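Colleague: Attaching a single structure in C-alpha cells format; questions to follow.
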Amino acid sequence: MSQNNVIGIDGKLPWHIPEDREYFLNLTRGKILIIGRRTFEEENDLSHISHVRRCIVVSKTMDPILLRDEKVTVAQSFTEALEMACKISILNREGGGKQNESSDIDCWVGGGEKLYEDALLHSSAQELHLTVVDTEIDLKPHTTFFPSFDQWKHKFREISRHDGKDVGGDLDYKCTFHIYKRHDSQ
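The sequence shown finishes on residue 206 if you use this note's numbering, and the numbering steps up by one all the way, no holes.
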C-alpha cells in the first residue's frame, strides 16, 4: 500500500516492484488464495494466480460456470470462502498433502479492499504481510484502499520489518516489508 493506503487504481497496482511481486509469489505459492473479483480479473491469462494451489474468488455476480480453470472456485462471501478453504485443507491433509505448521488453514487473502477489511477483522486472521510503498498516490476515480491502521492496530503487533532493495521495476518507489502477528489476547 502507499503512504495514503492506496492499493489499486482501476483494478491494477499503481506501481511495478519486482521484489514485492516475488515476495507475494513466494508467500502464496502452493497455498489457497482468496481474492475479490476485480483482483481475479487483473490479468486475462490468469498468470497472477498460476502459482497457487487453489484460488477462491469472492463475488456475488461472477458465474462459476464461466470459469476456465479447475483450480478456481467462486464464493459469495468471505465467510463462505473460509469454509471452502477449510474443506480444501482437510481434503489436502487426508490426501497426504503438506500443511504449513503455523496454521490449520493455509490460506492467504490477496485483495481487494473489502476482503482485506473482512480478513483483518476476522478471528482466524493470524498474520499480516504488508508492503508499504514510500509514495502518496493521487486519488482518482476507482481508487481502492487498504484498511486504515486504526481499524486493525489493536489486534496485531509488528514483529518484523525490512527495507526492500532498490533494483528493477519502478525505481522511484522504495518499499518496506512489514509482518504483523495477531496478539495472543484479544
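The C-beta atom is built at its ideal place from N, Cα and C for all residues, glycine as well.
Keep in mind it's a predicted model, so treat the numbers as computed, not measured.
Per DSSP, which residues does ASP183 bridge with? Please list them.
Modeller: Answer by DSSP bridge pairing, in chain order: THR196.
Colleague: Could you compute how far the alpha carbon of GLN146 sits from the alpha carbon of LYS175?
Modeller: Whole-angstrom Cα-Cα distance: 9 Å.
Colleague: Is PHE98 near ILE125, with beta carbons less than 9 Å apart?
Modeller: Taking 9 Å as the Cβ cut-off, PHE98 and ILE125 do not qualify as a contacting pair.
Colleague: Reducing DSSP to helix, strand and coil, say where ARG41 ends up.
Modeller: Helix, per DSSP.
Colleague: Hey, quick one: how far does the alpha helix (DSSP H) through TRP172 stretch, first residue to last?
Modeller: Segment 169-172, the alpha helix (DSSP H) holding TRP172.
Colleague: Count the other C-beta atoms from every protein chain shown that fall within 10 angstroms of the C-beta of GLY50, then say buried if there are 16 or more, exposed otherwise.
Modeller: Exposed, since its Cβ has fewer than 16 Cβ neighbours within 10 Å.
Colleague: Between HIS182 and the ligand COA, is there a pair consisting of the residue's CB and a ligand heavy atom that are separated by less than 8 Å?
Modeller: By its list of ligands, the structure shown contains no ligand whatsoever, and the ligand COA lies outside what it can speak to.
Colleague: For GLU100, which three-state DSSP category applies?
Modeller: Note: GLU100 maps to helix in three-state DSSP.
Colleague: For PHE60, does the three-state DSSP call read helix, strand or coil?
Modeller: Looking at PHE60 - three-state DSSP - the assignment turns out to be helix.
Colleague: Which residues mark the beginning and the end of the beta strand (DSSP E) in which LEU148 is found?
Modeller: Taken as a continuous stretch (DSSP letters only), the beta strand (DSSP E) holding LEU148 covers 147-153.
Colleague: On the DSSP letters alone, give me the boundaries of the beta strand (DSSP E) that GLY28 sits inside.
Modeller: Unbroken beta strand (DSSP E) run through GLY28: 26-29.
Colleague: Which residues in the same chain have their Cβ closer than 8 Å to the Cβ of ASN120, if we skip the five residues on either side of it in sequence?
Modeller: Because the pLDDT of ASN120 is 45, which lies under 50, any placement of that residue in the model is unreliable, and the number read from its coordinates should be weighed accordingly. For ASN120, where only same-chain residues beyond five positions count, the Cβ hits under 8 Å are LYS51, ASP126.
Colleague: If you run the structure through DSSP and keep just helix, strand and coil, what is SER123?
Modeller: Only weak support is given to the placement of SER123: the predicted model assigns it a pLDDT of 48, under 50, and the question is left unresolved by the model.
Colleague: Rounding to the nearest angstrom, what Cα-Cα distance links LEU33 and ASP83 in this structure?
Modeller: Answer to the nearest angstrom: the Cα atoms are 25 Å apart.
Colleague: Drop a sphere of 10 angstroms on the beta-carbon of ARG169, count the other beta-carbons inside from all chains shown, and report buried for 16 or more, exposed for fewer.
Modeller: Looking at the sequence shown, residue 169 is not Arg but Phe. Answer is exposed; the Cβ neighbour count stays below 16.
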